[in-house]
Each structure stands twice: as structure tokens, then as C-alpha cells.
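Residue numbers for the sequence shown follow numbering that gives the first Met the number 0, beginning at 0 and rising by one. Here's the structure, in C-alpha cells; my notes come after.
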Amino acid sequence: MSVNDAKKLADKLFPIFDDDDISIVDIPPEQRRLHTETYDFSISTLVDYLKNGTVFIPDFQRKYVWSRGQASRLIESLIIQCPIPVIYLNQEKDESLSVIDGNQRLTSIKLFIEDGFELQGLTAYPELEGNSFSSLDARFRRHILNRTLRCITILKETHPQIKIDVFERINTGAVQLNPQEVRHGVYHGPLFTMIDEISEEKVWRDLTGIKNDTRMKNNELILRAFALSYSVTPYKKPLKKFLNDFSSEKQNIEPDVALEWRSRFLGALNCINKLFGKKAFRILNENLEPQVRNFNSALFDALIVGFMVSKFNQDMINELDGTKLKDFLIEFQRITSEERFNESITSGTSATQSVHYRISTMKNFIERYFN
Numbered sequence: 000m001s002v003n004d005a006k007k008l009a010d011k012l013f014p015i016f017d018d019d020d021i022s023i024v025d026i027p028p029e030q031r032r033l034h035t036e037t038y039d040f041s042i043s044t045l046v047d048y049l050k051n052g053t054v055f056i057p058d059f060q061r062k063y064v065w066s067r068g069q070a071s072r073l074i075e076s077l078i079i080q081c082p083i084p085v086i087y088l089n090q091e092k093d094e095s096l097s098v099i100d101g102n103q104r105l106t107s108i109k110l111f112i113e114d115g116f117e118l119q120g121l122t123a124y125p126e127l128e129g130n131s132f133s134s135l136d137a138r139f140r141r142h143i144l145n146r147t148l149r150c151i152t153i154l155k156e157t158h159p160q161i162k163i164d165v166f167e168r169i170n171t172g173a174v175q176l177n178p179q180e181v182r183h184g185v186y187h188g189p190l191f192t193m194i195d196e197i198s199e200e201k202v203w204r205d206l207t208g209i210k211n212d213t214r215m216k217n218n219e220l221i222l223r224a225f226a227l228s229y230s231v232t233p234y235k236k237p238l239k240k241f242l243n244d245f246s247s248e249k250q251n252i253e254p255d256v257a258l259e260w261r262s263r264f265l266g267a268l269n270c271i272n273k274l275f276g277k278k279a280f281r282i283l284n285e286n287l288e289p290q291v292r293n294f295n296s297a298l299f300d301a302l303i304v305g306f307m308v309s310k311f312n313q314d315m316i317n318e319l320d321g322t323k324l325k326d327f328l329i330e331f332q333r334i335t336s337e338e339r340f341n342e343s344i345t346s347g348t349s350a351t352q353s354v355h356y357r358i359s360t361m362k363n364f365i366e367r368y369f370n
């Protein structure tokens with residue numbers, strides 16, 4: 000059998016669901032059903048799967064926060080055959096399984112099997128205190144490895160919008176996942192890998208002032224810029240659905256396209272840095288100083304997308320300094336202070352008309368001033 004024939008057979012046996020640009024209420028009733036399979040994996044099998052990537056923990060869930068005491072009590076629960084909560088997995092298009100809920104448990108188990116910590120704080124078997132996995136009696140080791148954990152897998156045939164709804168319902172962490180963290184769970188791939196890399200760029204962190212971003216605020220802002228610049232469907236409220244649809248549409252972006260988008264984004268960011276410095280994405284007063292220190296997301300949309308989609312003379316920006324730079328800032332402040340524009344970045348900022356107005360206004364201003 001040729002490679003092409005094998006691929007055709009795989010496509011037939013394991014079809015990839017075609018993501019449609021629709022909301023849950025538009026999905027036919029028969030497609031709103033959740034497709035799942037339940038597996039009872041042994042600890043030994045799960046650890047092997049985690050090692051070889053068959054089961055993996057997505058980026059947004061990778062932070063491990065359990066104490067050694069919590070992890071030890073989990074291992075003790077395995078020993079005394081105490082029921083362990085269900086692990087939820089998501090089947091990816093390549094048949095691998097990403098962890099939706101159960102990161103702390105799986106990471107703790109894998110760490111212990113790899114001698115990552117010694118048991119402490121035990122109540123049922125205090126005699127085992129101080130033991131690592133390898134120092135346990137072989138009978139305990141076999142007992143742990145043979146224990147099974149129930150895993151419910153959401154199959155890839157499930158409609159993406161249904162998956163998002165399920166992610167939000169079954170997440171049981173102390174801090175519920177926000178929309179961007181859910182997107183990373185459902186749509187992780189080349190697009191989000193590129194966004195992750197951009198979010199670590201120094202110029203980005205300097206301009207936004209967002210430090211220690213543990214909840215992916217940076218990533219959502221960057222996603223907004225790409226979606227508003229390159230979505231095949233013009234922006235329409237609600238923003239959450241618009242970003243979900245774009246993430247689905249561009250999840251597996253081609254490398255050359257990703258490279259071009261990254262270059263355009265960073266090029267726009269460097270222009271903004273040259274013109275505004277630390278004042279970037281802040282509303283300016285008549286003295287050309289920020290009215291407030293807070294980052295304005297709506298003004299960010301207008302500026303970053305304006306520069307990403309505009310045609311302008313880069314040399315004119317590079318040569319701008321002194322009086323000419325001040326003249327530019329005065330004109331920028333005048334435009335952003337006009338009633339309609341100011342309203343578009345301060346009130347009802349996600350309204351369809353507001354988004355289109357502020358971006359088109361800024362695009363026209365950039366092309367007029369730098370040409």
C-alpha cells in the first residue's frame with residue numbers, strides 16, 4: 000500500500016470534522032451531541048502515554064501547583080484504592096489526547112513514578128513516609144502501576160463549538176479557565192504557537208506593560224490583532240465568537256503565512272514604539288501625556304491593525320523626531336479626542352460599528368500622514 004493510499008484509508012476511517020463558522024444555536028440538533036468514549040487506563044499506560052506524547056498537557060495547563068503533601072495523598076489514595084476523580088481528555092485531529100481536566104493528578108503521578116519526590120504527610124500508611132517510588136517494596140510499585148484511572152475522551156467528531164461549551168462546563172480547577180485559555184485547549188496549533196512566541200518579545204512586553212501574564216491576556220490581544228486584520232469574515236459582535244471562529248479557521252496556518260503575519264505584527268509594533276514609546280495604547284490629553292496609565296485595548300485594536308493593514312512610507316516614520324514627532328502626536332491626539340472616535344474606544348468598545356469605525360479611521364490617518 001502506498002503512502003497516499005494509506006492516507007486515504009486513514010481519512011476514511013478517522014474523518015476530520017469540518018469546522019463551520021456557526022454558533023451553537025445554528026448547529027443542527029443532531030450535531031449538538033457530545034461524542035465521547037470512556038477508557039480505564041492503567042497508571043503504567045498513562046505514564047507511558049505522557050512520555051511518548053500520546054497524552055499531553057496543553058500549554059495553558061502546564062503550570063503545576065500541587066504541594067508535595069497533596070501529591071503524596073494522591074499516591075496514598077491509589078494505594079488504598081480510594082476512587083480518583085475522572086480525567087477528561089480531548090481527542091486531537093492526529094488522534095493524540097490533550098488533557099482538559101486532570102493536569103495536577105497526572106503530573107503528580109508521573110513525577111512520583113520518575114522518583115520526582117518522596118512521600119510525606121500520609122495518614123493511612125505513615126510507615127511509607129520518606130519513600131520514593133523506586134524505594135517502595137516491589138509489591139507496592141506493581142499495585143500502583145496496575146491501578147486504573149477512568150478517562151472520558153471527547154472525540155474529534157464533536158463540533159468545535161460544542162467542545163468549547165464542554166471545556167467551560169467540566170473545568171474543575173480552583174480558577175476557571177477564561178475564553179483564551181479555552182481556545183488554547185480547543186485550537187492549539189501553529190497559530191497559537193506563533194502567538195505564544197510573539198507574547199514573549201521584549202518590545203511587546205515593554206509597550207503593553209503586562210507583566211507575569213498567567214491568564215493569557217497577552218495572547219488574546221495578539222489574537223485580536225490577527226483576527227481583525229486577516230479574518231475572511233468581517234468583524235461582527237460578539238467578540239468571543241469572532242475570535243473562536245478565527246481560531247478555528249486559522250488553527251493550522253501554513254508556515255510561510257505565519258512568518259508573514261509575524262513580520263507584519265512586529266513591524267507595526269516597532270512603528271508604534273518609535274512614535275509613542277511608553278505612551279503607546281494610552282489615551283493622550285492635550286499635553287500629550289496619558290490621561291490614565293491603563294492600557295486601552297480598543298485603542299490597541301485601532302493602532303496595531305491600522306499599521307498592519309495600511310500602506311505607508313516607512314522612511315517617513317524612521318525620520319520623524321523632534322518638532323515633527325510632536326506635530327504627529329498633536330494630530331493623533333486631536334483625532335482620538337473627537338467625540339465619535341473617543342466613544343468608540345471608551346464605551347461599548349466591542350460593538351460592531353465601533354470596532355470598524357476606529358480601525359478605518361486610524362488606517363486612513365496613517366496612510367494620509369505617512370505618504
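A virtual CB, placed ideally from N, CA and C, is assigned to each residue, including glycine.
Exposed or buried, residue i, counting other C-beta atoms within 10 Å across all chains shown (16 or more means buried)?
i, result
"P125", "exposed"
"Y63", "exposed"
"P159", "buried"
"A137", "exposed"
"G52", "exposed"
"Q352", "exposed"
"Q80", "exposed"
"Q290", "exposed"
"N217", "buried"
"K325", "exposed"
"R281", "buried"
"V54", "buried"
"M315", "exposed"
"I169", "exposed"
"Q313", "exposed"
"E375", "Only positions 0 to 370 of the chain appear in this structure, which leaves residue 375 out of reach."
Is residue i helix, strand or coil by DSSP?
i, result
"T351", "helix"
"D195", "helix"
"N89", "strand"
"R149", "strand"
"E128", "coil"
"E36", "strand"
"L190", "helix"
"G184", "helix"
"R214", "coil"
"A224", "helix"
"L360", "What sits at residue 360 in the sequence shown is Thr, not Leu. Of the three classes helix, strand and coil, the one that applies to T360 here is helix, per DSSP."
"Q179", "helix"
"I15", "A caution first: I15 carries a pLDDT of 48, below 50, which makes its placement in the model too unreliable to give a value."
"T322", "helix"
"D114", "coil"
"H142", "helix"
"F369", "coil"
"I316", "helix"
"I209", "coil"
"T122", "coil"
My assumption, with CB atoms under 8 Å, is that residue i sits in contact with residue j. Please give the rounded CB distance.
i, j, result
"Y234", "V354", "5 Å"
"I86", "L105", "7 Å"
"L121", "E128", "6 Å"
"Q90", "T152", "5 Å"
"I252", "L190", "5 Å"
"A267", "M215", "Wrong, their Cβ atoms sit about 21 Å apart, outside the cutoff."
"F299", "L220", "6 Å"
Residues bridged to residue i by DSSP?
i, result
"R339", "Answer by DSSP bridge pairing: none, since R339 is not bridged."
### Message
So within the region 38-99, which uninterrupted beta strand (DSSP E) runs reach at least 3 residues, ignoring any that extend past its ends?
### Response
86-90
### Query
At which residue ranges does the region 228-307 contain complete alpha helix (DSSP H) runs of 4 or more residues, listed in the order of the chain?
238-248 and 254-275
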